[in-house]
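Here the numbering used here is used: the first residue of the sequence shown is 784, the next is one more, and so on.
Note that beta-carbon positions come from the ideal geometry of N, C-alpha and C, so glycine has one too.
These numbers were taken from a predicted model, which means no experiment stands behind them.
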Amino acid sequence: MNAIPAKVAGVEELIMVVPTPNGVIVPLVLAAAHLSGVDSVYTVGGAQAIAALAHGTETVPKVDKIVGPGNIYVATAKRAVFGTSWH
Numbered sequence: 784m785n786a787i788p789a790k791v792a793g794v795e796e797l798i799m800v801v802p803t804p805n806g807v808i809v810p811l812v813l814a815a816a817h818l819s820g821v822d823s824v825y826t827v828g829g830a831q832a833i834a835a836l837a838h839g840t841e842t843v844p845k846v847d848k849i850v851g852p853g854n855i856y857v858a859t860a861k862r863a864v865f866g867t868s869w870h
């Protein structure tokens, strides 16, 4: 959803998080990510994905900007971590 504008804007590395309710990522999602220029895909979603991206984990790297759709919990998590991702 935001990969193409990010690439046009010159973002060097795109990281995508995607929920997997049944533990399986949909192949079409991976295909779309590949075609859009996404560099890494992590299978985590919701507010916990926002926290992982903002602060980093053992497997998910800390990022500079978090964008994209989400429910009220995701939106609230984005507001909570806004401005905390300084390297």
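Proximity below 8 Å, CB of residue 815 to CB of residue 797: The criterion of a C-beta distance shorter than 8 Å is not satisfied by residue 815 and residue 797.
When the Cα of residue 844 is compared with those of 835, 850 and 794, which residue comes out closest? Sorting 835, 850 and 794 by C-alpha distance to the C-alpha of residue 844 places 835 at the top.
Check the C-beta distance from residue 801 over to residue 826 and give it rounded, since I have them as a contact under 8 Å. Rounded, the Cβ-Cβ distance is 6 Å, consistent with contact.
Give every residue of the same chain whose Cβ lies closer than 7 Å to the Cβ of residue 784, excluding the five residues on either side of it in the sequence, and list them in chain order. The answer, listed in chain order, is 851 and 852.
For residue 819, which beta-bridge partners are listed by DSSP? Under DSSP, no beta-bridge partner is assigned to residue 819.
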